[in-house]
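Chemist: Just remember that my numbering sits 4 ahead of the position in the sequence shown, which is counted from 1.
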Amino acid sequence: MTIRDIAGRGDLWGEGLSPSPRAIARPDKETLYRLLQENCWLERAPFGREQSRWFVTDKAVEGGYGQTVDPSNLHSLKLSGGKKSFPFPVFYEDKVQDVIWTLGWDAILDHLDTLATKKERLAWLMAQHSYLPAKAISQLSGVGIATAKRHKAQNDTQ
5 MTIRDIAGRG
15 DLWGEGLSPS
25 PRAIARPDKE
35 TLYRLLQENC
45 WLERAPFGRE
55 QSRWFVTDKA
65 VEGGYGQTVD
75 PSNLHSLKLS
85 GGKKSFPFPV
95 FYEDKVQDVI
105 WTLGWDAILD
115 HLDTLATKKE
125 RLAWLMAQHS
135 YLPAKAISQL
145 SGVGIATAKR
155 HKAQNDTQ
């Protein structure tokens, strides 16, 4: 399954299982990339001269969870250059639930439910999960996107 497929499948994230639906039941594609990177399932690596791509980590490949594929089978980085070859990460469908479980998305949402104010949620997200994109932090905490970006910028300079 591609990252887009995993992010798009609500059943993988427990949608429809709980009686009280959450505002954000599943991460979007960008957030999922960050969660996978933070939990050592993906890594960003240089590819070609001026590009970088997401690759499934060696440990994930060795464990039989997924692989990095190039569907063209016609091009290679050495022969055609980086603009023609376009590898991307995939995870095996029978292992996806195991991968999702390790990301801790449900734990993040559960903890946010215990925090009463936007300020508390934002502070906790910035302290514990600042790797998430500003859009996700904004949605999870309830603050505006500009506020989330400002706090991320402050957090990056510290």
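Note that beta-carbon positions come from the ideal geometry of N, C-alpha and C, so glycine has one too.
1. Express the C-alpha separation of G67 and A27 in angstroms, rounding to a whole number.
2. How is S134 classed by DSSP in three states: helix, strand or coil?
3. CA-CA distance, A64 and F90?
4. Could you give the DSSP three-state label for V94: helix, strand or coil?
5. Within 10 angstroms of the Cβ of S142, are there 16 or more other Cβ atoms? Answer buried if so, exposed if not.
6. Which same chain residues, not among the five before or five after L116, have their C-beta less than 7 Å away from its C-beta?
7. Between E97 and R154, what straight-line distance do the alpha-carbon atoms span, to the nearest angstrom?
8. Would a C-beta distance cut-off of 7 Å place M5 and F95 closer than the cut-off?
9. If I measure Cβ to Cβ from S137 and keep anything under 7 Å in the same chain, skipping five residues before and after, which residues do I get?
10. Along the alpha helix (DSSP H) that carries W58, what are the first and last residues, could you check?
11. Which stretch, first to last residue, makes up the beta strand (DSSP E) that contains A49?
12. Alpha carbon to alpha carbon, how far is E42 from L107?
Modeler: The answer reads as follows:
1. Note that A27 scores a pLDDT of 46, beneath 50, so its modelled location is shaky; the value from the coordinates is reported in the next line. Those two C-alpha atoms are separated by around 34 Å.
2. coil
3. 20 Å
4. strand
5. S142 is buried by the Cβ-count criterion.
6. R125 and L144
7. 38 Å
8. yes
9. In the sequence as displayed, the identity of residue 137 is Pro instead of Ser. So the qualifying residues of the chain are E34, T35 and R38.
10. No alpha helix (DSSP H) holds W58; the beta strand (DSSP E) holding it covers Q55 to V60.
11. L46 to F51
12. 8 Å
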